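Here is the structure we will look at, set down as structure tokens.
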Amino acid sequence: MVPIAYYLVLSAILFSIGVAAFLVKRNIITIFMSIELMLNAVNLTFVAFAHRWHQVSGQIFVFFVMVVAAAEAAVGLAIIIALFRTRATLNVDQVDLMKL
Amino acid sequence: MQVSIWIYLLLTVLKVAVVTVLLLMSVAYTVLLERKLVGRIQNRWGPTRVGPFGLMQPLADGLKLFLKEDLLPAGVYRPLYILAPVIALSCALITISVIPFGRQIYVKGVDLFQIADVNIGLLVILGITSIGVYGVALSGWSSNNKYSLLGSLRASAQMISYELALGLSLVGVVLRTGSFRLRDIVDIQASHGLLSWNVIGGLQFVAFFIYLISAFAETNRTPFDLSEAESELTAGYHTEYSSMKFAMFFMAEYGNMIMVGCVATVLFLGGWTSPFGNLLPEWGGPVVQALLPVFWFVIKVFCFLFLYVWVRGTLPRFRYDQLMGFGWRFLLPLSIANIIATSLWLAFRAA
Amino acid sequence: MITFVPLAGAIVVALLPRTGKLIQWFTLLVTLATFGLTLHLPAYFQYGQAGFQFEENRPWIASPKIGYHLGIDGISMWLVVLVGFLGPMAVLASWKAIETRTKEFYFLFLIQQTAMLGIFVALDMFLYYGFWELSLVPMAILIAMFGRTRGPQAAIKFFLFTFIPSAMLLVGLLWLYARTGTFDFVETQQYLAQNASLFAPQALWWVSLAFLVAFAVKVPVFPLHGWLSDVFSEAPTAMAMVVAGKLGLYSIIRFNLGLFPAQSREIAPLMIALAVIGILYGALIALVQPDLKRFLAFSTIGHLSFCTLGIFCFTVMGLNGTVFHILNHELSGAAMLILFGILYERYGTYDMTQYGGMSANLPNMATLYVITMLSLIGLPILNGFVGEFLILSSSFGVHPYWGAAATIGVILSAWYMLSMIQKLFYGPQSRLVANKAVPDVVAREGLALVPAAILMLVLGVASPYWIRAINGAVDGLVQNVAHATSTLTTNVAEKR
Amino acid sequence: MRSANYFWNYVPMLLQILAACGLGLGMVTASWFLGRHRNTKVKLEAYECGIPVEGDARGRFSVRFYMVAMLFILFDVEAVFMLPWAVIYRDLPRISGSRLFGFWEMLVYLGFVLVGFFYISKKGILDWSSDKGDL
Amino acid sequence: MTDVPQLYRILPEVILTITGVIVMLAEPLLAKESSRKPLGWLSVLGTLAALVSSFWQLQLPAGTAFFGTVQTDAFSVFFHVVIAGIVLATLLATLDAATPDTEGLGELFALICLGAVGMMLMTSAVELLLVFIGLEISSISTYIMAGFRRKSAKGPEAALKYFLLGSFATAFTLYGIALIFGATGTTDIGKIAGLLTTSQTPILATIGVAMILIGLGFKVSAAPFQVWTPDVYEGAPAAVVALMSTAPKAAAFAVLLRVLFVAFPALHNHWQPLIWWMAALSMTIGNLGALRQQNVKRMLAYSSIAHAGYLLVAFTALSPDGIAAASFYTLSYAAMNVGIFVVLSHAGGMNDRLTLIQDYRGLAYRSPLLGATMAFFLISLIGIPFTGGFFGKFYVFASALHSGLVWLTIIGLVNSGIAAYYYLRVVATAYSKPVHSDLLDGIPRASVPLLFALLLTVAATLILGIAPGRVLALAKAGANTLSLPGATTASK
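Quick mapping for you: the protein sequence lines, in order, are chains A, B, C, D and E.
In this text, residue positions in the first sequence follow our numbering: the first is 107, and each later residue adds one.
In this text, residue positions in the second sequence follow our numbering: the first is 3, and each later residue adds one.
In this text, residue positions in the third sequence follow our numbering: the first is 2, and each later residue adds one.
In this text, residue positions in the fourth sequence follow our numbering: the first is 12, and each later residue adds one.
In this text, residue positions in the fifth sequence follow our numbering: the first is -17, and each later residue adds one.
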């Protein structure tokens, strides 16, 4: 039996990696993926807690998170395509038409 | 489960090894089967030289491919280029772990005829199948070859499109069973033989039809083999692969065929159960009792494989827009309709 | 009730078509009606009494408790009448000056009237604050729209100068509300008077400072005067007439003295010093200022600083003088502005140096100029004298040295005013004046100015009549201050 | 104990995964070492049926493939919702007290899915042969 | 099958959903060249129906439905009405700004309706799951709306920035929810409060609340999570920004209020200082940032950051008055901000011809109606009395002072003083001469939808400024439904 703390630490690490990648990476797709990583870290947390509390609501939450992640992925990809069409780059540093 | 963990593990390892080896063997002989059958369909012999009736042909092929020069073309993205066939093959081999191919018989706490009896077996299958797309997609992209890329794009688009219909076609089965566990699914089909199989007794013939077509598309087989349409794309996504890496894609394809056959058998064709149900009296000792279901199972899978080859020998290839249109426009709504019909039927039957 | 006559007029103006002089006539009618209504106040005012009359108190917003509480006392009554009086004057003054976008102009002008009347009659501090802020908006927009060259900038400057401190005022108001639970002026006053010991003196001091700063900017008191000259030079005459002085001074008297007598007492030396500096500063700059409007702006600073001085002497005489001087100055200053405006209409410049020797061509105008000028200087029998005299004499009584310094200001003001008149009307004719034949004062202008001139005379001669009304309210106020101070000192003594 | 059992169910699967991956990797490695390597420049070029190689393969390709990917993501996840429903469907009348509760609920859900399906279909996203869906 | 009363609880959402779906389905069925405006009017009708049904919900007894996930009470109705009003004005503005060659108009209408469903769900959700779902429904539709002008270079960029940062924020919110679930074992907002007082490990919950704050802080563009705001506002069409800058914020604030005051009053010692700083920072950064903007929409973006700050001030008051003030502020901010964007949208069209402040020079002369309304809304944004903006600020700061937050109030009011400058600059520009050349050829005649939209927003702003009593009463009723066990620290 794996203690819950392991799951939590793992998900926290995953989440942090996601955050770090989001902040550090420059490729839009990679940034996008790091967000997905964060969401999945959250899913892991939910499942772990759902197991701990014997509450199914945590798992239901995971379902919805997955749906949302999917919807976001679709929308995100669409936006990226639209962006690529006008800008022909996937580097966030070059997406800087609007600045202070 | 009072067996020592180490014995349990040892036995499991043994089981895994046996199953894997058997699977690889059947992959090899499925290739031979295909060559032979297609040969017959086209009024020729197929391989005959190596061994009696060409039975040693697969081994010779394997050996040859092993010794071929392993090219690593200049423009490829190496990590993914190497990883792609591994993914493809592994996914084909992993699915077997949840398939029950015989009655539940424990020896020292180890289930003889199923590697892992998990309660979400169906989900595992779906999941692993999805991962299989990566092998195809990555191989095409990492090859840095236009044929490969187009081939893999086509293949992955096709696979994911048909995966939808495939996934939805399984919902009907799950509706009837109320479980993802493959053994439960088989058990519910066990009572009246052929009549209680999902495809007939479960009124899932539409689902079976959808599954069948989707499965052909999933494995990139004729008539949906556009990803490797020789006439336009050379060999599709594995154009740049040679030697064993090429062989691995090949094995993955046939492995997947077998897996699809197994899944179809379990889900729609009653799994290891006898088509005659209780009509036939039980006979033979415990060993026979144990092995007979495996026999039925193998027979059913074999029939399925035969169908595969038969279709390949008979049907022409689709056009790509027809292919995608068929999947999205026809199969998807159809599978949803099947779900609605099944649920309605179940609701009224339960009353 | 009076308050909203202009507002109703404004709405009608907004709906009127833009044809001909209809809007002007209508606005004139509205302002005259307002004036008529304001006259009703002194007619029925009970003189010599402290406290508020004509009160109207209705709940407006349940929570926080805000009432629609109006009322006037002796201080505000004349100011209300003054606003009423200046209304038609301003309309007449802008009759020709404003030719484009009359609709917007008169619409905003009437709103401005409403806001100012509201400020003087509001007894609910929240309502008061509302009108206070509201008065900024039409002003700023009008300055932006009709400014000479740098209208928008001047408007922003004006707005910010007055708005930011009034944010502090709001903090103060809210704080008071949080502590007393009411926005009503009278209730708050009583509460503060009775429960002064409940408050940390420092807190009250800060609040009073917030009030004071907001008002002082509006006056403007010396270091906060930066906006005035810009506004004067940019704003249309009708607006410049009403912008300065009375709102801020009135508010200081009403709120700072009314609510925070002790704190006002404490800060008085500083304010007196600033006032005197303002008097001298205004006068000195005015001496060298060639632009007529800016000239008047600095002279205004000087005059209003007199009022500040009068307020912070805390004597009945001083306050009487202050209120009176506010009236005077508004009247005379407005007249002066109109006169400048008339010149501008004719010659198209505010540059003093380009004028000269006009008295020959324009004798009537010269007369009006001289009367107004004398009133501003504070010549006896004209109105300016009474106010200045009262203020100066009270300040001599309290702070002789400052009083003496202020007297120098009076002398200076006489100097610059006279030199201005001299430059404009006497001496050799300038090229501008010589080359351009212009009419003398026309009937419309006369209609605006002659009553003003007469009023200056009347105010100067019959001052007791006016002061009678002021006196009652001021009396109460001074006692209030004295009382608060004594309690404060006794408190301090007790603590010692 | 139940949960321990639960975990042990997966151990064989883990072993199978290990075996499969090991096999795959092993094959790749083995063939690399077994075969001869005689590389030439031309041999290592991308294979384009013998014609000299033109440009890079990582160019842009039809946006339809992206469309399919996006649609797949959406519809696949929508399908995921049906699976737990399917599992519990036969128990729903007992839980909800209404025989067709589960049916209607899923019908509403499927209705929305079909609305989306209808929309993309009418928008021409599924028409591979025309360029109407070129978004 | 759901019995009837349950459905009543989400009646406005249902109406809007159906409207959105119908619009979405009708869109591809219409001929490609035919006008999409009927769809817009259909959406307007649907929104009106939703508005009416929200009011109608007031007479239902407060209560929950759907397994305790939605709750209709005065609070939710208040925000429903706010959102429906915003949507209404936005739809009208879109109808006005759209030209026959505007692409994807039908989808835009559908998205607005469906996004509104999400926002409304957020306001009535009493279950974190539903909060999350509503949040995402609204976010995803706003992501798409932000990139509405997909052919322009700025549209997709705005959408991308909004999308990336928005989903980033979502992940934080979600993690926060997960941790709270971990700490309490429930995601029911009502139950959390009861469990937390006895819980032994509030540290998880504390972190969770902080995470939720971060996530929702992004959504309401509170500093230091405000970076996306200017870019998104600049890139999206003005009509859409009218919606984006108000409705999702209103919803997010509603959620924040519910979550903080219903679920976590016990932890107010932890979150109050955070909000204090967020409020102070937002106000300051927003106003200072706005000072140096040349682009009107960017300026308004910074101003919206500042307004989020003012709103957060009300949170720190920790009193029913504060909640009511926040609700009220949301409404008044919505009225005036939507108003100003309606004006911008009409002047600039769907393609934002006019971007810089300078481009609006002389607007008041070219089009007195637009100029006057623009000035009116800006004045309201400054917070001049007898406009909604004033009472909003007033209540907020009054409640803050009531709770003894003198410094925050002073920061806020000084900020609102600074803010006057940049708003005024626009007013002054609109009223100065000569008229900018871009304006001379371009402003279309005021259309019927524009007049409706302006009427709606002006009336709302004025009513809030002159007779706020009734609205405030409703806001108070809403505030009282968020019971505050043990969180009232108002120092009288």
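Beta carbons: idealized from backbone N, C-alpha and C, even for Gly.
Remember, predicted model here, so these are calculated numbers, not experimental data.
Nearest-angstrom beta carbon gap, residue j and residue i [assumed within contact, 8 angstroms]
i              : j              : result
Y157 (chain E) : A272 (chain E) : Rounded, the Cβ-Cβ distance is 32 angstroms, inconsistent with contact.
V173 (chain A) : V74 (chain D)  : Going by Cβ atoms, the distance from V173 (chain A) to V74 (chain D) rounds to 24 angstroms, so no, they are not a contact pair.
R348 (chain E) : L406 (chain E) : Actually they are not in contact, since the Cβ atoms of R348 (chain E) and L406 (chain E) sit about 20 angstroms apart, beyond 8 angstroms.
F368 (chain E) : G447 (chain E) : 5 angstroms
L91 (chain B)  : A217 (chain B) : Rounded, the Cβ-Cβ distance is 19 angstroms, inconsistent with contact.
Identified DSSP bridge partners for residue i
i              : result
E109 (chain E) : E:D170
T46 (chain E)  : E:Q53
Q59 (chain C)  : What sits at residue 59 (chain C) in the sequence shown is Arg, not Gln. According to DSSP, R59 (chain C) bridges with C:Y69.
V108 (chain B) : It is Tyr, not Val, that sits at residue 108 (chain B) in the sequence shown. In DSSP, Y108 (chain B) forms a bridge with B:D113.
N197 (chain A) : A:N133
L338 (chain E) : E:N277
D352 (chain C) : C:D292
D125 (chain C) : C:D185
Local conformation of residue i per DSSP, three classes
i              : result
V168 (chain A) : helix
D138 (chain D) : coil
Q54 (chain C)  : strand
Y427 (chain C) : coil
L13 (chain B)  : helix
N196 (chain C) : coil
V23 (chain B)  : helix
D476 (chain C) : helix
L177 (chain E) : helix
D441 (chain C) : coil
N277 (chain E) : strand
L94 (chain D)  : helix
A66 (chain E)  : helix
A204 (chain E) : coil
D227 (chain B) : coil
Continuous alpha helix (DSSP H) stretch holding residue i: start and end
i              : result
V52 (chain E)  : Where V52 (chain E) is concerned, there is no enclosing alpha helix (DSSP H), although the beta strand (DSSP E) it sits in stretches over 52 to 54.
T32 (chain C)  : 23 to 45
T309 (chain C) : 293 to 312
N462 (chain E) : 451 to 463
M253 (chain B) : 245 to 269
F210 (chain B) : 207 to 220
D231 (chain C) : 227 to 235
M318 (chain E) : 302 to 330
Cβ-based contacts, 7 angstroms cut-off: residues of the segment 171 to 185 of chain A near chain D: M172, V173, A176, A177, A179, A180, L183, A184
Within 8 angstroms of chain A by C-beta, residues of the segment 118 to 151 of chain E in sequence order: E118, I122, Y125, I126, G129, R132, K133, S134, A135, K136, G137, P138, E139, A140, A141, L142, K143, F145, L146, S149, F150
Within 8 angstroms of chain B by C-beta, residues of the segment 35 to 46 of chain D in sequence order: G35, L36, M38, V39, A41, S42, W43, L45, G46
Interfacial residues, the segment 78 to 97 of chain D to chain E, with Cβ spacing under 9 angstroms: none
Residues of the segment -11 to 15 of chain E with Cβ closer than 7 angstroms to any Cβ of chain D, in chain order: V3, M6, L7, P10, L11
Interfacial residues, the segment 62 to 80 of chain B to chain D, with Cβ spacing under 9 angstroms: L67, F68, L69, K70, E71, D72, L73, L74, P75, A76, G77, V78
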